[in-house]
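Undergrad: Residue numbers (the working numbering): -3 to 166. Where is the CB? At the ideal position from N, CA and C, for every residue including glycine. The model shown is predicted, which means the values in this text are computed figures rather than measured ones. Let me begin by handing over the structure; questions about it come next.
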Amino acid sequence: MNIFNKGNSKLSKKIILLGQFGVGKSSLIEKFVHQEFSEMYITTIGVKIDKKEVQLGGRKYSLLIWDIAGEDTQIKVPTAYKLGAHGAIFVFDLTMPSSFENLEHDIAYMKKIIPPIPFVLVGNKTDLVDEAEMARIKEIVPHNDYIYSSAKTGENVESIFTSLVKKMAK
């Protein structure tokens, strides 16, 4: 569903960030929206909503970015937070195998409870893994269509959101 703001042809899009606690969802949003990074870990309780306007392909988008509190499984996340989403970003922590062990199950669960939406898989915290560890992770993670990022260094943070907006625009 596209919502047009008459007068400036801006599309509003709801994006949800999903993943276990501590994977860097809030940090990715902070880097994307405010170009900031903090070493301090603050747990998200419930949901926090940020907004950022972007322009892509000659069109303006108003992104409502829902930072949903992390859980060890998506079954524990209230369905209401996911309803009305136009796109999703699944974040896992490259240094925490438990964060990507249930990835396939979590994606399948989301597809059952909400209509199909575009999504991007993100392996976060590249700044904390070396090449050998990265190679091992690539063998374990069940998808080959994901983006590696670091909220700390900013690596691929813009690409995550740009990639999702492009998928939503199709």
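#1: If contact is defined by three or more beta carbon pairs under 8 Å, each pair taking one atom from either stretch, is the segment 113 to 120 in contact with the segment 135 to 150?
#2: So, is serine 136 buried or exposed, given that buried needs 16 or more other C-beta atoms within 10 angstroms?
#3: Which runs of the beta strand (DSSP E), 3 residues or longer, sit entirely within the segment 15 to 64?
#4: Once the 5 residues before and after lysine 148 are set aside, which same chain residues still bring their CB inside 6 Å of it?
#5: Hey, could you find the ends of the beta strand (DSSP E) leucine 117 is sitting in?
#6: Cutting at 7 Å between CB atoms, please list the residues of its own chain near leucine 160, excluding the five before and the five after it.
#7: What residues match up with phenylalanine 88 in a beta bridge as DSSP calls it?
TA: Let me spell this out:
#1: Result yes; three or more Cβ-Cβ pairs closer than 8 Å.
#2: In the sequence on display, residue 136 carries isoleucine and not serine. An exposed status is given to isoleucine 136, since fewer than 16 other beta-carbon atoms sit within 10 Å of its beta-carbon.
#3: The beta strand (DSSP E) runs lying completely inside the segment 15 to 64 and spanning 3 residues or more are 43 to 52, 55 to 64, given in chain order.
#4: Excluding sequence neighbours, lysine 148 sits near Phe33, Asp123.
#5: Taken as a continuous stretch (DSSP letters only), the beta strand (DSSP E) holding leucine 117 covers 115 to 120.
#6: Counting only Cβ-Cβ distances below 7 Å, and skipping sequence neighbours, we find Ile11, Gly83, Ile85, Pro114, Val116.
#7: Per DSSP, Gly119.
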